[in-house]
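Taking this note's numbering, the leading residue of the sequence shown gets 20, the next gets one more, and so forth. Beta carbons are placed, not taken as given, at the ideal position from N, Cα and C, and that holds for glycine.
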Amino acid sequence: MKPNAKLLRSLVQEIRQMSSGQNAKDNIMVQYVLNQARSHRETSEILCKAREELKNLAETYLCYLKSQRICKEIQVRYTGKGERSVKETADLVGFKLPHDPK
């Protein structure tokens, strides 16, 4: 598989995860990304635009979307839920209590 195709698939997958419940074909963001990829493929050979322009832009969007998703997961995991027991807090940060089996 070509690296650009793999990058576009990853980008579409992140967009799909971000907008849950919506079909990828109906999603306007997916349509825009695919249209840009198609138009850039044609112009990069004819007009000699920077060949890595689409790749750099897609990598930037992919990094942004992954970072947003991970940030939301971290906020959900570590958000305050009131008082926690000592065991729950230790499990949350990866420690074991002295009386836990190793």
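Member of the options whose CA lies at the smallest distance from the CA of residue i
i: residue 104; options: 83, 24, 116 and 56; result: 116
i: residue 77; options: 53, 90 and 98; result: 53
i: residue 25; options: 102, 86, 88 and 73; result: 73
i: residue 106; options: 118, 96, 97 and 95; result: 118
Rounded C-alpha distance that separates residue i from residue j
i: residue 23; j: residue 83; result: 17 Å
i: residue 44; j: residue 31; result: 10 Å
i: residue 27; j: residue 90; result: 22 Å
i: residue 92; j: residue 36; result: 12 Å
i: residue 99; j: residue 56; result: 42 Å
i: residue 50; j: residue 94; result: 30 Å
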